[in-house]
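In the working numbering, the protein residues as written are 6 to 161.
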């Protein structure tokens with residue numbers, strides 16, 4: 006059984022900020038590997054401004070080339086459209102049943118989890134790793150926790 010970080014996204018394009026976050030999370034959690042999962046058909050993005058899937062994959066692959074412990078997976082290309090995180094994680098869970106997954110998401114995405122397709126089921130498929138951006142408001146994260154999972158919570 007191994008530990009795998011997962012960073013899914015549109016990656017329009019994949020950039021140094023993405024790379025920095027995956028490397029920091031991999032080190033902080035001692036993950037065996039991190040898998041980059043480009044979103045094939047994001048339901049929340051306008052196709053007019055979106056680079057083609059093959060180009061986004063090629064750019065992400067080039068960005069992580071030679072970085073040990075980082076892999077790219079195009080599993081979403083084989084799944085029904087549109088691409089939903091729940092569906093992708095369910096497929097990965099089937100493929101790797103003994104793996105422990107850590108799904109990375111931004112604080113602003115976490116704050117909108119109630120708008121995601123089956124978003125509240127994601128913690129059953131993977132541990133959620135919330136990655137704040139420099140401009141993220143930590144209070145937004147705490148408000149989201151209290152909103153989505155009411156009850157007592159430990160202090161930070």
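Positions of the beta carbon are idealized from the N, C-alpha and C atoms, including for glycine.
Three-way DSSP call (helix, strand, coil) for residue 104 in this model
Residue mapping note: residue 104 aligns to position 99 of the chain shown, counting from 1. Coil at residue 104, not helix or strand.
Over the uninterrupted beta strand (DSSP E) stretch that includes residue 133, give me the two end residues.
On the chain shown, position 128 is the one that residue 133 refers to. Its beta strand (DSSP E) spans residues 132–136.
How far does the beta strand (DSSP E) with residue 123 in it reach, from first residue to last?
Counting from 1 along the chain shown, the entry for residue 123 is found at position 118. From DSSP, residue 123 is part of no beta strand (DSSP E); its letter is neither H nor E.
Counterpart residues of residue 10 in DSSP-defined beta bridges:
Along the chain shown, one-based indexing puts residue 10 at 5. In DSSP, residue 10 forms a bridge with 39 and 107.
Looking at C-beta atoms only, is the number of pairs between the stretch 73–89 and the stretch 106–118 that lie closer than 8 Å three or more?
no
Please classify residue 138 as buried or exposed, where buried requires at least 16 neighbouring CB atoms within 10 angstroms.
For the purposes of this step, residue 138 is identified with residue 133 of the chain shown, where counting begins at 1. Exposed, because fewer than 16 other Cβ atoms sit within 10 Å of the Cβ of residue 138.
Per DSSP, residue 76 is paired with what?
Counting from 1 along the chain shown, the entry for residue 76 is found at position 71. Residue 76 pairs with 40.
So is residue 33 buried or exposed if we call it buried at 16+ other beta carbons inside 10 Å?
For the purposes of this step, residue 33 is taken as residue 28 along the chain shown, with counting starting at 1. By the 10 Å Cβ count, residue 33 comes out exposed.
Proximal residues to residue 91 (C-beta, below 8 Å), its chain only, five neighbours per side dropped
Here residue 91 is taken as the residue at index 86 of the chain shown, counted from 1. Same-chain partners within the cutoff: 121, 122, 123, 124, 126, 127 and 130.
How is the alpha helix (DSSP H) around residue 17 delimited, first residue to last?
Position 12 of the chain shown holds residue 17. Unbroken run through residue 17: none, as it is neither H nor E.
Can you tell me whether residue 49 is helix, strand or coil according to DSSP?
Position 44 of the chain shown, counted from the start, is the residue given in the question as residue 49. Note: residue 49 maps to coil in three-state DSSP.
Helix or strand or just coil, what does DSSP make of residue 154?
Here residue 154 refers to the residue found at position 149 when the chain shown is read from its first residue. Here residue 154 sits in coil by DSSP.
Tell me whether the beta-carbon of residue 79 lies closer than 8 Å to the beta-carbon of residue 102.
Indexing the chain shown from 1 puts residue 79 at position 74. Indexing the chain shown from 1 puts residue 102 at position 97. Result no, Cβ atoms of residue 79 and residue 102 do not sit closer than 8 Å.
Can you tell me whether residue 151 is buried or exposed, with buried defined as 16 or more other CB within 10 angstroms of its CB?
Here residue 151 refers to the residue found at position 146 of the chain shown. So residue 151 counts as exposed.
Measure the C-alpha to C-alpha separation of residue 89 and residue 14 and round it to an integer number of angstroms.
Within the chain shown, residue 89 is the residue found at index 84, counting from 1. Within the chain shown, residue 14 is the residue found at index 9, counting from 1. Computed Cα separation, rounded: 10 Å.
Got a sec? Which residues, its chain only, sit under 8 Å from residue 118 by beta carbon, not counting five neighbours each side?
Numbered from its first residue, the chain shown carries residue 118 at position 113. 124, 125, 127, 149 and 153, listed in sequence order.
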